[in-house]
C-alpha cells in the first residue's frame, strides 16, 4: 500500500498547484480565465477568502492536489489533480476521503463540486461517495461544467 501524506498549502508548493492542475486541464479541456486567475494566485483566491489547499505527498514528491474554495454560501471542492504517473494508485480516492473527513471536522453541511460528464471515472467515484447531482446554475464560473454535485454531510 502506498503511503500518501496529505499536507496543507505552503507558498513553496504553489507551483505544484499550478502545474498539476494546468497539465490536467490541458489534457481534458483548456485553461479558462477563471482557472488561470485561481491557479496563478492561490493565496489570494483560495486561502485568503477562507479556503484550503492540500497536497498529496508520496515520499518527497508532490503527486496530487485539491482545494476547497469558500464560495460564501458553500465550499467547492475544486482544482483536484493527480500526477499522470501516479494515476491508478487510488490517490484520488484518498484525497476524497480526506476531504470528506476534513469537512465533517469543520462542521460543514455539504461539499459541492462542478465537473464534466466526460470524466466518467471521476463522476463514478463521486457517486460512490454519496454525491448527488443538482442543477448547474446558468452563470457558473466554469464554461466546461455540465454537472454539479452535492454531498450532504
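In the working numbering, the protein residues as written are -5 to 147. In this text, a Cβ means the ideal position worked out from N, Cα and C, and glycines have one as well. Just so you know, these numbers come straight off a predicted model, no measurement behind them.
Three-way DSSP call (helix, strand, coil) for residue i in this model
| i | result |
| --- | --- |
| residue 104 | strand |
| residue -5 | Model confidence at residue -5 stands at a pLDDT of 49, short of 50, so the residue's coordinates are unreliable; what they give is reported in the following sentence. The answer is coil: DSSP assigns residue -5 none of H, G, I, E or B. |
| residue 60 | strand |
| residue 40 | helix |
| residue 89 | helix |
| residue 55 | strand |
| residue 72 | strand |
| residue 131 | coil |
With 16 other Cβ atoms within 10 Å as the buried cut-off, status of residue i
| i | result |
| --- | --- |
| residue -5 | Note that residue -5 scores 49 on pLDDT, short of 50, meaning its location in the model is unreliable and no value can be drawn from it. |
| residue 36 | buried |
| residue 104 | exposed |
Residue i vs residue j beta-carbon contact at 9 Å
| i | j | result |
| --- | --- | --- |
| residue 168 | residue 97 | This structure gives no information on residue 168, because the portion of the chain shown stretches from -5 to 147. |
| residue 0 | residue 50 | yes |
| residue 189 | residue 111 | Given a span of -5 to 147 for the chain in the structure shown, any question on residue 189 remains unanswerable. |
| residue 157 | residue 80 | The displayed coordinates of the chain run from -5 to 147. Any statement about residue 157 would go beyond what the structure contains. |
Host beta strand (DSSP E) of residue i (start-end)
| i | result |
| --- | --- |
| residue 50 | 46 to 52 |
| residue 146 | 141 to 146 |
Residue-level contact to chain B via CB, residue i, 9 Å cutoff
| i | result |
| --- | --- |
| residue 127 | The chain inventory of the structure shown lacks chain B, comprising one protein chain alone. |
Boundaries of the alpha helix (DSSP H) in which residue i is found, first to last residue
| i | result |
| --- | --- |
| residue 118 | 114 to 122 |
Those residues which DSSP pairs with residue i across a bridge
| i | result |
| --- | --- |
| residue 109 | 141 |
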